[in-house]
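These notes concern the structure reproduced below.
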Amino acid sequence: MDEIKSKSIDELKEELKDMGEAAYRAKQIFEWLHVKLVSDFDDMSNISAALRQKLRENYVMTTLKIVRVQESKIDSTKKFLFETYDGNYIESVWMQYHHGNSVCVSSQIGCRMGCRFCASTLDGLQRSLSPAEILEQIYEITRYTKERVSNVVVMGMGEPMDNYDNVVKFVKLLTCPEGLNISQRSVTVSTCGIVPRMKQFADEGLQVTLALSLHAPNDEKRRELMPIAQSFSVAECLEACDYYFETTGRRVSFEYALVSGVNDNDREAEELSALLKGHNGHVNLIPVNPIKERDFTRSDKSRIFAFQNKLEKNGINVTIRREMGKDIDGACGQLRRRHNEEGPGVQS
Ligand code: SAH
């Protein structure tokens, strides 16, 4: 059965019409789902019992069950572990910044991209998430915190460009005026660099920020860290980023996880500067979160600052990602792994 929360308002209108209902009902129902955030058809108090019954017969109401919440004592970051209807687990993170609350959502259960430093990919891909399941992470967190979310980053588990249609639909639902109406400019979608999908994404007519997980200044090094680099070169990724900028006017963000002794020396900083010169975008340096399955360690503070300095001196826009929730399982996919290993019933 179709998930009602994955429907656009126009789709709902059409389908209600086919059921012999008035089109204006679509707007009311959409508001219950995406603004008032109900999780049961029976909470739609201005919808007749007969229509609620019809909806129940025709649609699934997607929900996620909160299994664990880890709260940081340092900065109030909260990490949520959700259970999906089919018994899988996904993670989302809630972060409070001075400019508003931000949620990092997962787009897939697991991932098949195989990046060497990433915990989400260790067991491969289980399945992609539906638009409703991606939205519901934000909705459930909003119900829990009772605070409005103003920024969304698709940087949790999974590769959004490997779940393209659902992610685009999710972005449209999240940012539509009849829904939560989050500004498109406050949404970031991060990709490991699936070039054809990046170009397609540029043509969607959206104003979201695209982030490219670059992590290396050349193809050879990138191939060591990211299998996707066998399929698409750094030059092709940057060309797609340029196209994204030209088409949308949005500057791309280049993510660079600093791994000690792997991609963090001065020569690599020089090479990265030369590579990015003339491309519209800015570099986000992320001290890598070590995962126990791999022996990567993060660069020490002085190395991170030295790397940043080199880029700055070369005229590259660069920031170091502020670490949030340092005291709770930081890296994507780690909370889920720990939960799967320990089994249910273990609370932190
Ligand atoms: N698949 C997408 C989005 C999810 S990952 C992508 O590759 O962009 C979000 C970001 O976290 C990516 O830049 C990813 O490379 C990075 N990342 C993954 N594991 C990490 C780790 N252990 N430490 C630091 N960053 C990590």
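Read in order, the letters of the sequence shown correspond to residues 27 to 374 in this note's numbering.
Beta carbons are placed, not taken as given, at the ideal position from N, Cα and C, and that holds for glycine.
**OP:** May I ask whether a heavy atom of the ligand SAH can be found less than 6 angstroms away from the beta carbon of Thr217?
**Re:** Position 191 of the sequence shown, counted from the start, is the residue given in the question as residue 217. Checking the Cβ of Thr217 against the ligand SAH gives yes.
Subject >> Glu367 to Gly136 span [Cα, whole Å] >> reply: Working through the sequence shown from its first residue, we reach residue 367 at position 341. Working through the sequence shown from its first residue, we reach residue 136 at position 110. C-alpha separation (whole angstroms): 15 angstroms.
Subject >> Buried or exposed (CB count within 10 angstroms, at least 16 for buried), Asp326 >> reply: As a working note, residue 326 is residue 300 in the sequence shown. That one is exposed.
Original post:
If we call anything under 7 angstroms between Cβ atoms a contact, is Gly219 one with Phe258?
Top reply: Counting from one through the sequence shown, the residue named residue 219 turns up at place 193. Counting from one through the sequence shown, the residue named residue 258 turns up at place 232. Yes, the Cβ-Cβ distance between Gly219 and Phe258 is below 7 angstroms.
Subject >> Beta-carbon spacing of Leu240, Phe280 below 7 angstroms >> reply: Here residue 240 refers to the residue found at position 214 when the sequence shown is read from its first residue. Here residue 280 refers to the residue found at position 254 when the sequence shown is read from its first residue. Contact: yes.
**OP:** Answer yes or no: the CB of Asn266 versus the heavy atoms of the ligand SAH, is any distance below 6 angstroms?
**Re:** Locating residue 266 in the sequence shown gives position 240, where the first residue counts as 1. Correcting the residue type first, residue 266 is Ala in the shown sequence and not Asn. No; taking the cut-off as 6 angstroms, the Cβ of Ala266 has no heavy atom of the ligand SAH nearer than that.
Subject >> Cβ contact check for the stretch 138-156 and the stretch 248-258: 3 or more pairs under 8 angstroms >> reply: yes
Original post:
Taking three-plus beta-carbon pairs below 8 angstroms as touching, is the stretch 231-239 in contact with the stretch 84-93?
Top reply: no
**OP:** Give every residue of the same chain whose Cβ lies closer than 7 angstroms to the Cβ of Val314, excluding the five residues on either side of it in the sequence, and list them in chain order.
**Re:** In the sequence shown, residue 314 corresponds to position 288, counting from 1. If we look at Val314 and ignore the five residues flanking it on each side, its Cβ neighbours are Phe143, Ala283, Leu284, Val285, Phe322 and Arg324.
Subject >> Assigned secondary structure, Asp245 (DSSP; H/G/I helix, E/B strand, else coil) >> reply: Here residue 245 refers to the residue found at position 219 of the sequence shown. Note: Asp245 maps to helix in three-state DSSP.
**OP:** Kindly indicate which three-state DSSP category Cys137 falls into: helix, strand or coil?
**Re:** Counting from one through the sequence shown, the residue named residue 137 turns up at place 111. The answer is coil: DSSP assigns Cys137 none of H, G, I, E or B.
Original post:
For the ligand SAH, is there a heavy atom less than 6 angstroms away from the beta-carbon of Ser181?
Top reply: Taking the first residue of the sequence shown as position 1, residue 181 is located at position 155. It should be noted that the sequence gives Met, not Ser, for residue 181. For the ligand SAH, at least one heavy atom lies less than 6 angstroms from the Cβ of Met181.
**OP:** To the nearest angstrom, report how far apart Ser133 and Ser71 are at their CA atoms.
**Re:** On the sequence shown, position 107 is the one that residue 133 refers to. On the sequence shown, position 45 is the one that residue 71 refers to. Cα-Cα distance, rounded: 32 angstroms.
**OP:** Would you be able to state if there are at least three C-beta pairs under 8 angstroms between the stretch 190-197 and the stretch 149-168?
**Re:** yes
**OP:** Could you give the DSSP three-state label for Gln96: helix, strand or coil?
**Re:** Sequence index remark: in the sequence shown, residue 96 carries index 70 (1-based). Three-state result, Gln96: strand.
**OP:** Answer yes or no: the CB of Ala52 versus the heavy atoms of the ligand NAD, is any distance below 6 angstroms?
**Re:** The ligand NAD is not among the ligands present in this structure, which contains only the ligand SAH.
Original post:
By Cβ distance, which residues of its chain are closer than 8 angstroms to Gln226, with the 5 residues on each side in sequence left out?
Top reply: Here the question's residue 226 lines up with position 200 in the sequence shown. Excluding sequence neighbours, Gln226 sits near Tyr190.
Original post:
Pro313 by DSSP, collapsed to three states: which one?
Top reply: In the sequence shown, counting from the first residue as 1, residue 313 sits at position 287. Three-state DSSP puts Pro313 in a strand.
**OP:** Work out the CA separation of Ser128 and Lys352 for me, nearest whole Å.
**Re:** The sequence position of residue 352 within the sequence shown is 326, counting from 1. The sequence position of residue 128 within the sequence shown is 102, counting from 1. So the alpha carbons of these two residues sit roughly 16 angstroms apart.
Subject >> Local conformation of Met121 per DSSP, three classes >> reply: Here residue 121 is taken as the residue at index 95 of the sequence shown, counted from 1. DSSP places Met121 in strand when its eight states are reduced to three.
Original post:
At which residue ranges does the stretch 142-170 contain complete beta strand (DSSP E) runs of 3 or more residues, listed in the order of the chain?
Top reply: 151-154
**OP:** In angstroms with no decimal places, state the Cα-to-Cα distance between Leu148 and Gln360.
**Re:** To locate residue 148, count along the sequence shown from 1; it is residue 122. To locate residue 360, count along the sequence shown from 1; it is residue 334. Straight-line Cα distance between these residues: approximately 10 angstroms.
**OP:** Classify Leu236 as helix, strand or coil using the three-state DSSP reduction.
**Re:** As a first step, residue 236 is located in the sequence shown; it is residue number 210 there, counting from the start. Of the three classes helix, strand and coil, the one that applies to Leu236 here is strand, per DSSP.
Original post:
Using a Cβ-Cβ cut-off of 7 angstroms (strictly less than) and excluding sequence neighbours within five positions of Phe107, which residues of its own chain qualify?
Top reply: Taking the sequence shown and counting its residues from 1, one reaches residue 107 at position 81. Reading off the sequence, residue 107 comes out as Leu, not Phe. Result list for Leu107: Val93, Arg94, Tyr115, Glu117, Leu361, Arg362 and His365, in chain order.
Original post:
Between the stretch 71-84 and the stretch 325-342, do at least 3 Cβ pairs fall closer than 8 angstroms?
Top reply: no
**OP:** Could you tell me how far apart the beta carbons of Val309 and Ile342 are, in whole angstroms, since I believe they sit closer than 8 angstroms?
**Re:** What you label residue 309 is simply residue 283 of the sequence shown in a count that begins at 1. What you label residue 342 is simply residue 316 of the sequence shown in a count that begins at 1. Correct: roughly 6 angstroms between the Cβ atoms.
Original post:
What are the partner residues of Thr345, as DSSP defines its beta bridges?
Top reply: One-based indexing of the sequence shown puts residue 345 at position 319. DSSP lists Asn310 as partners of Thr345.
**OP:** Using 6 angstroms as the cut-off, classify the Cβ of Phe280 as near or not near the heavy atoms of the ligand SAH, replying yes or no.
**Re:** Residue numbering aside, residue 280 sits at position 254 when the sequence shown is read from its first letter. Phe280: no, Cβ never under 6 angstroms from the ligand SAH.
Original post:
Is Ile116 helix, strand or coil when you go by DSSP?
Top reply: Here residue 116 corresponds to residue number 90 of the sequence shown, with the count starting at 1. Correct three-state label for Ile116: strand.
Subject >> Option nearest Lys198 by Cα separation, candidates Glu246, Lys33, Glu29 and Met27 >> reply: Start at 1 with the first residue of the sequence shown, and residue 198 comes out as number 172. Ranking the options by Cα distance to Lys198, first place goes to Lys33.
Subject >> Distance CB(Gln163)-CB(Val215) smaller than 7 angstroms >> reply: Within the sequence shown, residue 163 is the residue found at index 137, counting from 1. Within the sequence shown, residue 215 is the residue found at index 189, counting from 1. Cβ distance not < 7 angstroms, so Gln163 and Val215 don't count as in contact.
Original post:
Should Val314 be counted as a contact of the ligand SAH given a C-beta to heavy atom distance under 6 angstroms?
Top reply: Taking the sequence shown and counting its residues from 1, the one referred to as residue 314 is at position 288. Checking every heavy atom of the ligand SAH against the Cβ of Val314, one is found closer than 6 angstroms.
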